[in-house]
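Residue 329 is where the sequence shown ends in my numbering, and the numbering goes up by one at each step.
Glycine included, every Cβ here is placed at the ideal spot set by N, Cα and C.
The model shown is predicted, which means the values in this text are computed figures rather than measured ones.
For reference, the structure is listed below as structure tokens.
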Amino acid sequence: MGHDAHRTLREHDPDFVLLDGTFAECDRVGDGRADYSTKHKRHGVSVQVVTDPAGQILWLSPALPGRTHDLTAARTHKILRICERQGVPVLADMAYIGAGDWVTTPKRRPPRGELTLTERTRNRALSAARAPVERGMARLKSWQIFCRSRISPTA
């Protein structure tokens, strides 16, 4: 999340940001192992999106191979570190559990257990607050912007 992201966060000065990752299908390049996602069973790239609370896209990451986990991608692009240094809290989904105290994620149900009413209510509120980033990603995908993405350095 380079220099542009620093500037964007300073200019917009959001109370918090919404972070999410998406898988964008693309053509296979070379042997295709790096860009193959076993979760999606397709070749593609992983892209991280940072939005303001209203869902306005503040930053799109460069594409990483499709097998890259969302938390790994966020750490690779230094998204979490930049937000923490600028004092901007992050709301994210369960893929970012363990990202640190600066990132608010839903509570996972314990093995063979249930969440308390308070935990379920908190998870619902967090999901509602994160809805704008999900809508923004759906809008981007509906434009089929990612269909033209390539991970080949020569493309």
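Cβ neighbour criterion (16 or more within 10 Å) applied to residue i
i    : result
R283 : exposed
V235 : What sits at residue 235 in the sequence shown is Ser, not Val. So S235 counts as buried.
A273 : buried
D189 : exposed
D226 : buried
Residue i and residue j closer than 8 Å at C-beta
i    : j    : result
P285 : D267 : no
L254 : H186 : no
S220 : A248 : no
Q230 : L183 : no
A159 : L289 : The displayed coordinates of the chain run from 175 to 329. Any statement about residue 159 would go beyond what the structure contains.
I256 : A179 : yes
D293 : W276 : Here residue 293 turns out to be Glu, not Asp, going by the sequence shown. Their beta carbons are not under 8 Å apart, which means E293 does not touch W276 by this criterion.
Cβ distance (whole Å) where residue i is taken to contact residue j below 8 Å
i    : j    : result
L192 : V307 : 4 Å
M311 : V224 : Their Cβ separation, rounded to whole angstroms, is 11 Å, which puts M311 and V224 out of contact at 8 Å.
Beta-carbon proximity list for residue i, same chain, < 6 Å, skipping 5 on both sides
i    : result
A302 : none
R157 : Residue 157 lies beyond the range of the chain shown here (175 to 329); nothing can be said about it.
Residues near residue i by beta carbon distance below 7 Å, same chain, minus five either side
i    : result
L300 : L265, T278, P280
Contact with chain D by residue i, beta-carbon distance below 8 Å
i    : result
V223 : Among the protein chains of the structure shown there is no chain D, as only one such chain exists.
Residue i CB to nearest heavy atom of the ligand FAD below 7 Å
i    : result
R283 : Absence of the ligand FAD from the depicted structure is noted, as is the absence of any ligand whatsoever, leaving it without description.
Same chain, Cβ closer than 8 Å to residue i, neighbours up to 5 away in sequence not counted
i    : result
R309 : G229
Would you check if there are 3 or more beta carbon pairs closer than 8 Å linking the region 238-249 to the region 186-200? Touching, yes, given that three or more Cβ pairs across the two stretches are closer than 8 Å.
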